[in-house]
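Everything on this sheet refers to the single structure shown next.
Residue numbers (mature numbering (1 follows the signal peptide of the UniProt record, and there is no 0)): -27 to -1, 1 to 514.
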């Protein structure tokens, strides 16, 4: 392990020498003069080496610290230039032209050009498994207009894909990846990117980055970032309290007592994530596909109780639309819709009885054909807040005659169940984006990335299509109203509480963190590309 670590450090030094940075310069900016920033985005035991920007199991920091998209869509939905400088739509939202920055270099010192951008998108076409956003189902081509301009041509108008093309597709160097025979299998052990940091060492217990001296926005003031391995929340929380961690993202009960009150340096900011944590209902189940059953489930859940007891008040009860919005974006919410869920167990019972359900000798409702309202509720084992939420939901539903068995699973098994439709009820997250459209698209699109409920409705499919095929904001708002109404009235998903981005940090060694008063980026350490943006904005105290 030590040998591999030294080899990586030598490789990093070689890269620096190639771009004219002497070893003594590196030494001057090393940890001998500045403590490394210790970052723990997640807990999962020892690391498996993988720095491929195309892999869902890539290690944290691959995206954001090493690789970057063209733009970053900040919490206000604004497109902040990264590798791109500006963009413009033309030909009735069928052509998207992006102007690139002229000063972007790869970490080996070579210039990034439009050819790298075109190559990155062509790679998604050549290997469709990499095209998670299905970009090549909506664009017909991408070409370079000179070294610093790229033009995307769409099969039909689709302004919604601006976000996926500009904000979620990470650009790779053509000179490296053209030699990779199968990028779907590559672990990319020696990554070269445009981001603010360079990988310098790896062991299963720790991997390290150092500041990129040729970063287009200037060499970061935080010179080294270490990612140590932790096995779980308890050990991570203990190290955080002891001052051994600068930045992490944990659910910590009683966080003021446990963490922030212990030192003025101990800070946290749980920013809004945009979407809600929801109960997914498998609509292929003969009972759950019946609206009265879903209505009864929703009415029987005390969301305030879930928020206060399961989430310690950190995550507020969701609203019926399932989407949380900053005040400036209220125009996206249909004013005719209710703004709060009802908690009415008595009404839940009446709805089931009116639909023909009757209680059996055990007090469980049964259908006319004798099918009991008895379901499993899948959740990730060890996600303590979600586990508590699901226990509360099961208890609430049991009190009205719906039996729920909480099934705590390892994440892999949980994700496999939900993503393949082998579940009845499941607690999960929802996506987000610059507008509510992106959450609904992932949940409603017949082939949407989170449409695990198997929702398929011509009205919502048409609204998604209409939104994509216009750039008129007022028309898009009306389309979103249709999507919101489906969530509120049909309950394909049952929102519980709004997800927040867990984010604890220390100002003892570094300052400049985003906060409620300065929300320049989403604060959770696992979110990219904001993780790299934050690190490049920090400075030593």
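Note that CB positions come from ideal geometry on N, CA and C, so glycine has one too.
- Where residue 375 sits in the DSSP three-state scheme: The answer is coil: DSSP assigns residue 375 none of H, G, I, E or B.
- Since residue 477 is in the beta strand (DSSP E), which residue starts that stretch and which ends it? Residue 477 -> beta strand (DSSP E) spans 477 to 479.
- Three-state class that DSSP yields for residue 429 in the structure shown: Residue 429 falls in the coil class under three-state DSSP.
- Item | Neighbourhood of residue 361 by C-beta, 6 Å cutoff - its chain only, sequence neighbours within 5 removed | Within the same chain, Cβ atoms closer than 6 Å to the Cβ of residue 361 are found at 283, the five residues on either side in sequence being excluded.
- DSSP three-state assignment for residue 513, whether helix, strand or coil: Correct three-state label for residue 513: strand.
- Three-pair Cβ contact test at 8 Å for the segment 207 to 223 versus the segment 9 to 20: Yes, the segment 207 to 223 is in contact with the segment 9 to 20.
- So, is residue 116 buried or exposed, given that buried needs 16 or more other C-beta atoms within 10 angstroms? Classification for residue 116: exposed.
- Item | Local conformation of residue 288 per DSSP, three classes | The three-state secondary structure of residue 288, taken from DSSP, is coil.
- Of the listed residues 461, 460, 462, 435, nearest to residue 449 (C-alpha basis): Nearest option by C-alpha distance: 435.
- Message: My assumption, with CB atoms under 8 Å, is that residue 144 sits in contact with residue 93. Please give the rounded CB distance.
- Response: Contact between residue 144 and residue 93 holds, with the beta-carbon distance rounding to 5 Å and staying under 8 Å.
- Message: Distance check for residue 51 and residue 36, CA to CA, integer angstroms please.
- Response: In a straight line, the C-alpha of residue 36 is about 20 Å away from that of residue 51.
- Query: Do three or more CB pairs link the segment 476 to 490 to the segment 452 to 460 at distances below 8 Å?
  - Reply: Of all C-beta pairs linking the segment 476 to 490 to the segment 452 to 460, fewer than three are shorter than 8 Å, placing the two stretches out of contact.
- Message: Once the 5 residues before and after residue 517 are set aside, which same chain residues still bring their CB inside 8 Å of it?
- Response: Because the chain in this structure spans residues -27 to 514, residue 517 falls outside the shown range and cannot be described.
- Per-residue DSSP class, three states only, for residue 257: In the structure shown, residue 257 sits in coil (DSSP, three-state: anything other than H, G, I, E or B).
- Along the alpha helix (DSSP H) that carries residue 91, what are the first and last residues, could you check? Going by DSSP, residue 91 is part of the alpha helix (DSSP H) stretching over 87 to 99.
- Limits of the beta strand (DSSP E) - the one that residue 401 falls within: Per DSSP, residue 401 belongs to the beta strand (DSSP E) from 398 to 401.
- Task: Could you work out which residue in 406, 432, 388, 30 is closest to residue 425 when comparing CA atoms only?
- Result: Comparing Cα positions, the closest option is 388.
- Message: Can you list, in chain order, the residues of its chain with a C-beta nearer than 6 Å to that of residue 412? Leave out the 5 residues immediately preceding and following it.
- Response: Only 248, 296, 403, 404, 405 meet the Cβ criterion.
- Query: At what residues does the alpha helix (DSSP H) containing residue 206 begin and finish?
  - Reply: Element bounds for residue 206: 206 to 214.
- What runs of the beta strand (DSSP E), each 3 residues or longer, lie entirely inside the segment 36 to 93? Runs found: 44 to 46, 52 to 54, 57 to 63, 68 to 73.
- Query: According to DSSP, what are the bridge partners of residue 244?
  - Reply: Per DSSP, 474.
- Query: So, residue 367 versus residue 377, is the Cβ gap smaller than 7 Å?
  - Reply: Taking a C-beta distance under 7 Å as the contact criterion, residue 367 and residue 377 qualify as a contact pair.
- Query: Does DSSP put residue 2 in a helix, in a strand, or in coil?
  - Reply: Residue placement at residue 2 is poorly supported in this model, since its pLDDT is 44, which falls under 50; the coordinates still yield a value, given next. Assignment of residue 2 by DSSP, reduced to helix, strand and coil, places it in the coil class.
- residue 470 and residue 291 closer than 7 Å at C-beta: Cβ distance < 7 Å, so residue 470 and residue 291 count as in contact.
- Item | Host alpha helix (DSSP H) of residue 140 (start-end) | Element bounds for residue 140: 135 to 140.
- List the endpoints of the continuous alpha helix (DSSP H) containing residue 453. Note, residue 453: alpha helix (DSSP H), 446 to 463.
- Leaving aside the five residues before and after residue 374 along the sequence, list all residues of the same chain whose C-beta is less than 6 Å from its C-beta, in chain order. Counting only Cβ-Cβ distances below 6 Å, and skipping sequence neighbours, we find 332, 336, 337, 338.
- Task: On the DSSP bridge assignment, give the partners of residue 411 in chain order.
- Result: According to the DSSP secondary-structure assignment, residue 411 is paired through a beta bridge with no residue.
- Task: Tell me, please, which residues DSSP counts as bridged to residue 200.
- Result: Beta bridge pairing from DSSP links residue 200 with 180.
- Message: Going by beta-carbon coordinates alone, are residue 369 and residue 255 separated by less than 7 Å?
- Response: Cβ distance not < 7 Å, so residue 369 and residue 255 don't count as in contact.
- Closest by C-alpha distance to residue 84, when choosing among 59, 148, 24, 53: Ranked by how close their Cα comes to the Cα of residue 84, the residues 59, 148, 24, 53 have 148 in first place.
- Message: Suppose you measure from the CA of residue 63 to the CA of residue 355; what does that come to, to the nearest Å?
- Response: Straight-line Cα distance between these residues: approximately 49 Å.
- Message: I need the DSSP call for residue 192, collapsed to helix, strand or coil.
- Response: Here residue 192 sits in coil by DSSP.
- Measure the Cβ-Cβ separation of residue 305 and residue 165 and say whether it is below 7 Å. For residue 305 and residue 165, no; Cβs fall outside 7 Å.
- Task: Compare the beta carbon distance of residue 401 and residue 253 with 7 Å and say whether it is the shorter of the two.
- Result: A contact, by the Cβ cut-off of 7 Å.
- Item | Outcome for residue 33 when other beta-carbon atoms lying within 10 angstroms are tallied against a minimum of 16 | Result: buried.
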